[in-house]
Amino acid sequence: MLSEMGQPAFRAKQIESWVWEKGVSSIDEMTNLPKTLREALKEQCSFGETIQVACQRSSDGSRKYLLQFADGTTVECVGMPSDKRLTVCASTQAGCGMGCAFCATGAAGLTRSLSAGEIFEQVAHVRDDFGTRVTGVVLMGQGEPFANYEATLSALRRLNSSNGMGIGARHLTVSTCGIIPMITRFSREPEQFTLAVSLHSAVQRTRDALMPGVRKYSLLRLYDAMGEYTSRTGRRPTYEYALIKGVNDSDEELSYLCDFCKDTLCHVNIIQLNDVPGSKFQPATVHRANDFVRRLANVGVEATIRQSRGADIDAACGQLRQRLS
Ligand code: SAH
Ligand code: SF4
1 MLSEMGQPAF RAKQIESWVW EKGVSSIDEM TNLPKTLREA LKEQCSFGET IQVACQRSSD
61 GSRKYLLQFA DGTTVECVGM PSDKRLTVCA STQAGCGMGC AFCATGAAGL TRSLSAGEIF
121 EQVAHVRDDF GTRVTGVVLM GQGEPFANYE ATLSALRRLN SSNGMGIGAR HLTVSTCGII
181 PMITRFSREP EQFTLAVSLH SAVQRTRDAL MPGVRKYSLL RLYDAMGEYT SRTGRRPTYE
241 YALIKGVNDS DEELSYLCDF CKDTLCHVNI IQLNDVPGSK FQPATVHRAN DFVRRLANVG
301 VEATIRQSRG ADIDAACGQL RQRLS
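In structure tokens:
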């Protein structure tokens, strides 16, 4: 890795000496390394031991972990087995600064971004606990991947690489709340990673209220950026839409959603809102979710209802960490 970073060979010896002889517990203590290298290493590596603080097992086979890194920061990840597959949901930040109104992670704010090593480590932890190969990763745990772009991309590349985990790029999914400049940047990456965008409403005022962190990126700009993404990559993005009773489940909301998606390359994932303790939001009915799927299909838009996993183990974004902290 050091040679890939353009570093001379003696740096490896210096680092070994700090770790094995001097026993330091952070990269910042490696004072004979240039500051720029220390910063780059912090982005790439997790240093010290990762501890499993808690693990909850769902009756559907999924397992949710609370992991703690060397500096005490905790994050969540989930392993979801099915047939011969194992999908891992991993976090890209501890907490999140985007402040979505319906999200437990958003309510707690941002602690810090994770390094590429810390993102990779979560997947490795789940693989080791299940003792099977990981077939897919979704970056849908805590945090906004595109607010931590470099580390996220670097982790995806390592998960994709045959020296890493060898997971096909199409089975590596990034979910963003819609940070437009990074969607554009992502569309230029050579790998065929999969993109999901949290839409949650195609009505500007509703989306602004639900997702204040992306208020500055209008739906019109999002529409254009996604058009550019699909024409450049030829890949089908997913729009995530958590149905919230009385907020984004009306006929008007549905017709705006149909207009947003009609004649574009996309897939809509209707999500049952997970209960967040203390939240004023409630999930819409299953009946309503079916209406959404049917109406979208009528205008030629492919839509499915996401099967909720681990409902009995606080699997909703941010909940385990909140309960234990
Ligand atoms: N920050 C990224 C990825 C992490 S959140 C993003 O927002 O896309 C992963 C998904 O969980 C997003 O679609 C998010 O909107 C959704 N989510 C957050 N809180 C939820 C809740 N209470 N119920 C259902 N989905 C929720
Ligand atoms: Fe952050 Fe995603 Fe939660 Fe919004 S939904 S607060 S972007 S983790």
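FYI, the numbering for the sequence shown is 1 to 325, going by our numbering. We treat Cβ as the ideally placed atom computed from N, Cα and C, and that holds for glycine. Quick caveat, the model's predicted, so the values are computed rather than measured.
Check: Using 8 angstroms as the threshold, is the C-beta distance between Ala151 and Ile179 below it?; Outcome: no
Check: Identify whether Ile305 lies in helix, strand or coil by the three-state DSSP scheme.; Outcome: strand
Check: How many angstroms separate the CA atom of Glu228 from the CA atom of Glu49?; Outcome: 42 angstroms
Check: Go through its chain and collect everything with a Cβ distance to Leu37's Cβ below 8 angstroms, but skip five positions before and after it.; Outcome: Met5, Gln7 and Arg11
Check: Whole angstroms are fine: how far does the CA of His200 sit from the CA of Lys13?; Outcome: 51 angstroms
Check: Which residue comes first and which comes last in the beta strand (DSSP E) that contains His287?; Outcome: No beta strand (DSSP E) holds His287; the alpha helix (DSSP H) holding it covers Val286 to Asn298.
Check: May I ask you to report which of helix, strand or coil DSSP gives Pro277?; Outcome: coil
Check: When DSSP builds the beta bridges, which residues end up paired with Cys55?; Outcome: Tyr65
Check: Between Ala9 and Ser3, what straight-line distance do the alpha-carbon atoms span, to the nearest angstrom?; Outcome: 7 angstroms
Check: Given the structure, does Asn160 come close to the ligand MG, in the sense that its CB is under 7 angstroms from one of the ligand's heavy atoms?; Outcome: The ligand MG is absent from the structure shown, which contains only the ligand SAH and the ligand SF4.
Check: Would you list the residues sitting across from Leu139 in a DSSP beta bridge?; Outcome: Val174
Check: Grouping DSSP H, G and I as helix and E and B as strand, with all else coil, what is Met80?; Outcome: strand
Check: Using the three-state DSSP reduction, which class does Gly6 fall into: helix, strand or coil?; Outcome: coil
Check: Hey, would you say Gly234 sits closer than 8 angstroms to Lys262, going by beta carbons?; Outcome: no
Check: What are the boundary residues of the alpha helix (DSSP H) that Asp123 is part of?; Outcome: The sequence shown places Val at residue 123, not Asp. Note, Val123: alpha helix (DSSP H), Ala116 to Phe130.
Check: Given a cut-off of 8 angstroms, decide if Val137 and Leu172 are closer than it, judged by their beta-carbon atoms.; Outcome: yes
Check: Could you pull the start and end residues of the beta strand (DSSP E) that Gln192 belongs to?; Outcome: From DSSP, Gln192 is part of no beta strand (DSSP E); its letter is neither H nor E.
Check: Residues in its own chain within less than 7 angstroms of Pro212 by CB, not counting five upstream and five downstream?; Outcome: Gly99
Check: State the DSSP-derived secondary structure class of Tyr229, mapped to helix, strand or coil.; Outcome: helix
Check: With Tyr241 and Val276 assumed to form a contact (beta carbons below 8 angstroms), what rounded beta-carbon distance in angstroms separates them?; Outcome: At roughly 17 angstroms, the Cβ-Cβ gap does not stay under 8 angstroms, so Tyr241 and Val276 are not in contact.
Check: Mind checking Ser162: buried by the 16 CB within 10 Å criterion, or exposed?; Outcome: exposed
Check: What residue from Asn248, Thr92 and Ser62 has the CA that sits closest to Arg127's CA?; Outcome: Ser62
Check: Excluding the five sequence neighbours on either side, which residues of its own chain have a C-beta within less than 8 angstroms of the C-beta of Tyr256, listed in chain order?; Outcome: Ser201, Ala202 and Val203
Check: Taking the C-alpha atoms as reference points, what is the distance between Arg132 and Thr206?; Outcome: Note that residue 132 corresponds to Thr in the displayed sequence, not to Arg. Computed Cα separation, rounded: 42 angstroms.
Check: Under 8 angstroms by Cβ, that's how I've got Ser175 and Ala196 pegged, so tell me the actual separation to the nearest angstrom.; Outcome: 4 angstroms
Check: Go through the residues and name those whose CB comes closer than 5 angstroms to any heavy atom of the ligand SF4, in chain order.; Outcome: Cys96, Met98, Cys100, Cys103, Thr105, Gly106, Glu144 and Cys177
Check: Could you check if Ser26 is buried or exposed, using at least 16 other CB atoms within 10 Å of its CB as the buried criterion?; Outcome: exposed
Check: With a CB to CB cut of under 8 angstroms and the five nearest residues on each side skipped, what residues in its chain are close to Gly164?; Outcome: Phe120, Arg157 and Arg158
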